Amino acid sequence: ILIVTAIFAEQSPRAVIVFDASGSMWGQIDGKAKIEIARDALKNVVNEWNPKVELGLTVYGHRKKGDCNDIETLIPVGKIDKKKVISTIFAIKPKGKTPISRSIKKAAEELKYTEEKATIILISDGKETCDPDPCAMAKELEEKGIDFVTHVVGFNVDKKTDKELECIAKATGGEYFSAKNATALNEAMKSIVKKVEKVEPKPEVKKPKNSLEITATEKEGGKWIEAYHAIYPVVYDYTQKSIGNCWSKKKKECLRPIPSGKYLLKSKYNEFKKETPFEIKADEVTKLNIVFGQTSKVEISATEKEGGKWVEAYHAIYPVVDAETEKSIGNCWSKKKKECFRQIPVGKYLLKSKYNEFKKETPFELKADKATKLNIIFGQTGTVEISGSETEGGKWVSLYGYIYPADENGKKDGSNVGQVNNRDSKEPSTHKIPAGKYIMEVKYNNFKKEVLFEVIAGKTEKVHVVMGETGTVEISASKKKGGKWVQLYGYIYPADENGKKNGGNVGQVNNRNSKDLTVYQLPVGRYIMNVEHNDFEKEVLFEVTVGKTNKVHVIFTQFTIGAKCSDMSVKVNYEIYAESGRLVYEKEIKCSDTLKVVLDSGNYKVEAKIGSTIKEGKFTVGGDSSKLTVDMTDIKKESIPKESTKEELIKADSQASISKKEEPKSEPSVKTVEINGIDPKDLEEAGKLLNALGGMFGAKTEQSKDTKAEQDKANKEFDEMSQELDMFSK
Numbered sequence: 006i007l008i009v010t011a012i013f014a015e016q017s018p019r020a021v022i023v024f025d026a027s028g029s030m031w032g033q034i035d036g037k038a039k040i041e042i043a044r045d046a047l048k049n050v051v052n053e054w055n056p057k058v059e060l061g062l063t064v065y066g067h068r069k070k071g072d073c074n075d076i077e078t079l080i081p082v083g084k085i086d087k088k089k090v091i092s093t094i095f096a097i098k099p100k101g102k103t104p105i106s107r108s109i110k111k112a113a114e115e116l117k118y119t120e121e122k123a124t125i126i127l128i129s130d131g132k133e134t135c136d137p138d139p140c141a142m143a144k145e146l147e148e149k150g151i152d153f154v155t156h157v158v159g160f161n162v163d164k165k166t167d168k169e170l171e172c173i174a175k176a177t178g179g180e181y182f183s184a185k186n187a188t189a190l191n192e193a194m195k196s197i198v199k200k201v202e203k204v205e206p207k208p209e210v211k212k213p214k215n216s217l218e219i220t221a222t223e224k225e226g227g228k229w230i231e232a233y234h235a236i237y238p239v240v241y242d243y244t245q246k247s248i249g250n251c252w253s254k255k256k257k258e259c260l261r262p263i264p265s266g267k268y269l270l271k272s273k274y275n276e277f278k279k280e281t282p283f284e285i286k287a288d289e290v291t292k293l294n295i296v297f298g299q300t301s302k303v304e305i306s307a308t309e310k311e312g313g314k315w316v317e318a319y320h321a322i323y324p325v326v327d328a329e330t331e332k333s334i335g336n337c338w339s340k341k342k343k344e345c346f347r348q349i350p351v352g353k354y355l356l357k358s359k360y361n362e363f364k365k366e367t368p369f370e371l372k373a374d375k376a377t378k379l380n381i382i383f384g385q386t387g388t389v390e391i392s393g394s395e396t397e398g399g400k401w402v403s404l405y406g407y408i409y410p411a412d413e414n415g416k417k418d419g420s421n422v423g424q425v426n427n428r429d430s431k432e433p434s435t436h437k438i439p440a441g442k443y444i445m446e447v448k449y450n451n452f453k454k455e456v457l458f459e460v461i462a463g464k465t466e467k468v469h470v471v472m473g474e475t476g477t478v479e480i481s482a483s484k485k486k487g488g489k490w491v492q493l494y495g496y497i498y499p500a501d502e503n504g505k506k507n508g509g510n511v512g513q514v515n516n517r518n519s520k521d522l523t524v525y526q527l528p529v530g531r532y533i534m535n536v537e538h539n540d541f542e543k544e545v546l547f548e549v550t551v552g553k554t555n556k557v558h559v560i561f562t563q564f565t566i567g568a569k570c571s572d573m574s575v576k577v578n579y580e581i582y583a584e585s586g587r588l589v590y591e592k593e594i595k596c597s598d599t600l601k602v603v604l605d606s607g608n609y610k611v612e613a614k615i616g617s618t619i620k621e622g623k624f625t626v627g628g629d630s631s632k633l634t635v636d637m638t639d640i641k642k643e644s645i646p647k648e649s650t651k652e653e654l655i656k657a658d659s660q661a662s663i664s665k666k667e668e669p670k671s672e673p674s675v676k677t678v679e680i681n682g683i684d685p686k687d688l689e690e691a692g693k694l695l696n697a698l699g700g701m702f703g704a705k706t707e708q709s710k711d712t713k714a715e716q717d718k719a720n721k722e723f724d725e726m727s728q729e730l731d732m733f734s735k
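6 is the number of the first residue of the sequence shown in the numbering used here; add one for each residue after it.
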């Protein structure tokens, strides 16, 4: 996230850059880290920065992990030193969280947004990770601010985050830009910075003799207080755009010369807002004293125990009216060396406080002219540092998981109190949580571990988890040995000692681009991979060894099996057996069709069956040949079993034999054979040859069934036809 806040003074604007150093900035776009793209974009902006515009730099998330309050002003706002700003930006290393709400809130408060015009430019690469609703925060700031606007740039974010960021802009009357790459980011920055540099002309206010004099008090006849006032003309009962504003002080009224007419005065003091209609008459001074209501001061601090050192905690203040809690009127942070102060109207309130995983609700009442001091005692905490490795004493690895409170039996007792996520694996995942017992559930690759530990008040507990050894597998495929890689899809499963599946899938194989590998880091052990290419499937057993890259290449060798029959329309049942005798494939097709199979390399036997007659053939997958033709022409036509008709299946004494509807005769089906890669003319010639051959067989069947010479002639012509077809297929 990059936030640029602009302060519009009367002469020229000033700007404060709040730079995000959260861990998400290490993400990449087109092979380049987002932090580098953001640095380059800022460098361009700073180099072209208008020297008349003062500049400051604030950074957060650059010192600690998991700390939503790690915010630091590195360069106070002032005359720009371009070299210093650029060198400071390039020295920043992302580490922490993404507190969008708190960043906008802090920038707005530094600008005195309730007193002066304030514009913020937010460039975010991700979601809010600290507070629940940045959009609500933006709306609250806009409501309280004088003229508060936030322009937002979403830097390579998803649709859901786009909407969240756009809401921030719309809530404050700002503009939203979506930038998916470095070029778009630079263009968005240039466009928005022009708005920052532009000095808005002050509205021309005529200065007639008639004027307005404004003061403010908490009660009738009380001392003057400092309050803000904006003046709006009213024309035909419609409130127009403000023509000016001013501050009434404790010792000086607000004096404004304005034209005669009707007006509406909108005044603000702490959490009080007042609207006062008035009229200016010619050559008269109109005096207004705005009575807001009495206020008092609340001072808030926080400790872990009675009389302990102050800790940093968050507090939100809610008015209580008629025993009902209303919308929050403000919030603040109590620090280790400074209380949280708020001047608010007298009355009853509920204070909601948060410190680490502790939450407290404290009712209190403010009385006039008397400060109320509150010290919130949360409870004692300790620190846990979590790390992990594959082996005892090995290099640290990235862990991910959650921490849960544990009961006396070591079982989960509530929702998670922290997320374990040491992504860079160089530093432990550190959490400050209430003293007590906890269960940690962590993952590393496909390892899962559950660890019970205890946090002791005021101490640091180091928890190191040995996850288990892993290796890497690289998966690819081709149609033949040494051939081009092909697309592959499937799943990986753990395998038992017998090479059978032993659990759910641990990874998906998806080489969508045939140039890529599927790479997985998996626990050491045996695995089964079920993969497919086109409509062919394979099951591959492989092993992952520790610390090594295991390359698994799947070859989808296609083997073609066909048959020559005296009647090419009969059905042939094929059974394929491995060398061990195991049946690996079975299918029944017409003799005129071919069987295409993908098998592992090795020797096989095929049994082709027509009726009760079986012909065998042997073939080798991975050898020189990729096809086999089984000769079944010696099976005479009369020995081929005829398919039973519907009429033959009706018993003589059945009801169907007595009364039967005459069914319409069906037209003979036409078998269309498509042979890819063959010239249509050649295909036509082959068709003629087949027709001639069919006629020959018909003549043979009717006229010379027992003539050996004619049988030999038919076989010879059939062989010539087969050779010619084989030439076409090549």
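Note that CB positions come from ideal geometry on N, CA and C, so glycine has one too. What you are looking at is a predicted structure, and each value in this text was computed from that prediction instead of being measured.
In chain order, 237, 239, 244, 280 and 282 place their CB closer than 7 Å to the CB of residue 269, counting only its own chain and leaving out the 5 sequence neighbours on each side. Under the 10 Å beta carbon count, residue 584 is surrounded by fewer than 16 other beta carbons and is classified as exposed.
By the criterion of at least three beta-carbon pairs nearer than 8 Å, the region 585-598 is not in contact with the region 545-563. Judged by DSSP secondary structure, residue 139 falls outside any beta strand (DSSP E) and instead within the alpha helix (DSSP H) spanning 139-149. DSSP places residue 251 in the uninterrupted beta strand (DSSP E) bounded by 249-253.
Here the alpha carbons of residue 261 and residue 88 stand approximately 44 Å from one another.
The alpha-carbon of residue 441 is positioned some 26 Å away from that of residue 452. Secondary structure at residue 263: coil, using DSSP grouped into helix, strand and coil. The C-beta of residue 179 has 16 or more other C-beta atoms within 10 Å across all chains shown, which makes the residue buried. Three or more Cβ pairs drawn from the region 540-557 and the region 472-481 lie within less than 8 Å of each other, which places the two stretches in contact. The three-state reading of DSSP puts residue 434 in strand, counting E and B together. Residues 25, 26, 27, 28, 29, 30, 31, 40, 66 and 67 of the same chain have their beta carbon placed closer than 8 Å to that of residue 99, with the five preceding and five following residues left out of the count.
In this structure, residue 103 keeps its C-beta atom at 8 Å or more from the C-beta atom of residue 144. Nearest neighbour of residue 195 by Cα position, chosen from 175, 173 and 158, turns out to be 158. Residue 462 and residue 135 have their C-alpha atoms some 25 Å from each other. In the displayed model, residue 85 falls within coil according to three-state DSSP, outside both helix and strand. Between residue 386 and residue 361, the C-beta spacing is below 8 Å. Going by beta carbons, residue 219 and residue 276 fall outside the 8 Å limit. Using a 10 angstroms sphere on the CB of residue 290, the tally of other CB atoms stays under 16, which defines it as exposed.
Nearest to residue 410 by alpha-carbon distance, out of 373, 505, 363 and 525, is 363. The alpha-carbon separation between residue 164 and residue 186 amounts to approximately 15 Å.
Here DSSP, grouped into helix, strand and coil, assigns residue 50 to helix. In this structure, the straight-line span from the alpha carbon of residue 351 to that of residue 412 is close to 43 Å. In the three-state scheme derived from DSSP, where H, G and I count as helix and E and B as strand, residue 230 is classed as coil. Within its own chain, the residues whose Cβ lies closer than 8 Å to the Cβ of residue 464, once the five positions on either side in sequence are excluded, are 387 and 388, listed in chain order. In the DSSP assignment, residue 636 falls within the unbroken beta strand (DSSP E) covering 632-637.
Taking C-alpha positions only, residue 110 is separated from residue 148 by approximately 13 Å.
Rounded to whole angstroms, residue 397 and residue 36 show a C-alpha spacing of 34 Å.
Under the rule that a run must span 3 or more residues, the beta strand (DSSP E) segments found entirely inside the region 267-348 read 277-285, 290-296, 300-308, 318-326 and 335-339.
One thing to note: residue 357 has its Cβ within 8 Å of the Cβ of residue 321. Within the same chain, Cβ atoms closer than 6 Å to the Cβ of residue 604 are found at 626, the five residues on either side in sequence being excluded.
Beta bridge pairing from DSSP links residue 570 with 637. Cβ-Cβ separation between residue 346 and residue 302: approximately 6 Å, consistent with a contact (criterion under 8 Å).
When 71, 538, 565 and 529 are compared, the shortest CA-CA separation from residue 551 is found for 529. Annotated three-state conformation of residue 608 is strand, per DSSP. The Cβ atoms of residue 450 and residue 475 sit closer than 8 Å to each other.
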